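Here the working numbering is used: the sequence shown runs in plain steps of one and ends on residue 269. Built from N, CA and C at the ideal position, the CB exists for glycine as well. None of these values were measured; they are calculated from a predicted model. Structure first, then comments.
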Amino acid sequence: MSDPTPVLDDLRDESEGLDALVAPLGEGAWAAPTPAPGWTIAHQIAHLAWTDRQSVLAVTDPEGFGSVVEKAAAAVDTFVDAGAEEGAALPPAELLARWRSGRAELQAALRAQPPGTRFPWFGPPMSAASMASARLMESWAHGEDVADALGVRRPPTARLRHVARIAVRARDYAYFVNGLTPPAGEFRVELSAPDGTLWAYGPKDAAQRVTGPALDLCLLATRRRHRADLAVRAEGEDADRWLDIAQAFAGPPGRGREPREGGTA
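Listed below in structure tokens is the structure:
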């Protein structure tokens, strides 16, 4: 049984890092556009705050959360954006306070759960550890959008291991959501961590492999960079196909990002 404490600590640290990036911004800067079409910095933080609130509801009131799932199912294309729009309309100070209180409430709720508890979600039920991992993945990915909007480069950290693990575990989901049949065999995935160590997944003797920087796979699987701009490589037809469709988040794959001019890959 997975102890959620380490990933909850990492989620707290990831959120605090993004908080430090947006807290000093003047009110006008919150309206700066990010790479996500139609989303400002305020939308990015509002989305995180909204999702934290839904997570708290799922943990503390599963029946109440069921009604949220029904509303989401009835408005698949607009439900998430509507939550972001509502929060983005708030004064930045109020939005920041709402985000801070929501993530603190989620931390407390998850840390208080008995081992083995699972909670409903928009996809499969989640444990405390898996919910914290998912929140970290989103916090990091939306933090990248904020950093891009501000022209800031955030050094990658060991917390990316959670994002990379989700990306690898969600391999078959990426095929399904794109209307494809997942390959039968596992891939070997070998990633160079920010500190130079190796993060490896899958059997060593797998016929198909994916290699490259952990940061690049995380950027790819969260759709924050186009594959052409990244140094992730595949050996094998199925592994190569996966890199075209990899995603670490639930829901439709979306359009993704266009290649950057003068890409580095």
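When the alpha-carbon of Ala162 is set against those of Leu140, Pro198, Ala136, Leu184, the nearest one is in Pro198. If you look at Glu194, you'll find it in the beta strand (DSSP E) that goes 192 to 196. Pro37 and Thr44 have their C-alpha atoms spaced approximately 4 Å apart. The criterion of a C-beta distance shorter than 8 Å is satisfied by Trp54 and Ala88. Nearest neighbour of Ala113 by Cα position, chosen from Gly32, Arg102, Leu61, Ile49, turns out to be Leu61.
Here Asp242 is actually not in contact with Leu140; their C-beta atoms are around 28 Å apart, not less than 8 Å. Separation of Pro95 and Glu31 (C-alpha to C-alpha, rounded to the nearest whole angstrom) is 8 Å. By the CB criterion at 8 Å, Trp103 and Leu52 fall inside the cutoff. Three or more beta-carbon pairs drawn from the stretch 59 to 74 and the stretch 116 to 130 are found closer than 8 Å, and the two stretches are therefore classed as touching.
Only exposed fits Leu184, as fewer than 16 other CB atoms lie within 10 angstroms of its CB. Around Ala204, the same chain offers Arg192, Val193, Glu194, Leu195 as residues with beta carbons nearer than 8 Å, after the five sequence neighbours per side are excluded.
Arg104: member of the alpha helix (DSSP H) spanning 96 to 115, first to last residue. If you look at Gly216, you'll find it in the beta strand (DSSP E) that goes 213 to 217.
For Glu90, the enclosing alpha helix (DSSP H) starts and ends at 83 to 92. Under DSSP, Thr44 shares a beta bridge with Pro37.
Around the Cβ of Arg115, a 10 Å sphere holds fewer than 16 other Cβ atoms; the residue is exposed. Taking 8 Å as the upper bound for CB-CB distance, Asp244 and Leu234 are not in contact here, some 13 Å apart. By the 16-neighbour rule on beta-carbons within 10 angstroms, Asp56 is buried.
Using a C-beta cut-off of 8 Å, the stretch 146 to 159 makes no contact with the stretch 175 to 189, since fewer than three inter-stretch Cβ pairs fall below that distance.
Taking a 10 Å sphere around the C-beta of Val214, we find 16 or more other C-beta atoms and assign the residue as buried. Burial check for Leu202: the Cβ neighbour count within 10 Å stays below 16, so the residue is exposed. Shown here, Ala204 sits in a strand according to DSSP, grouped into three states. A straight-line Cα-Cα distance of about 32 Å links Gly200 and Leu110. Apart from the 5 residues on each side of it in sequence, Arg157 sits with its Cβ closer than 8 Å to the Cβ of Ala151 in its chain, given in chain order. Note that the C-beta distance between Val11 and Ser137 is below 8 Å.
Here Ser131 is bridged, per DSSP, to Arg122.
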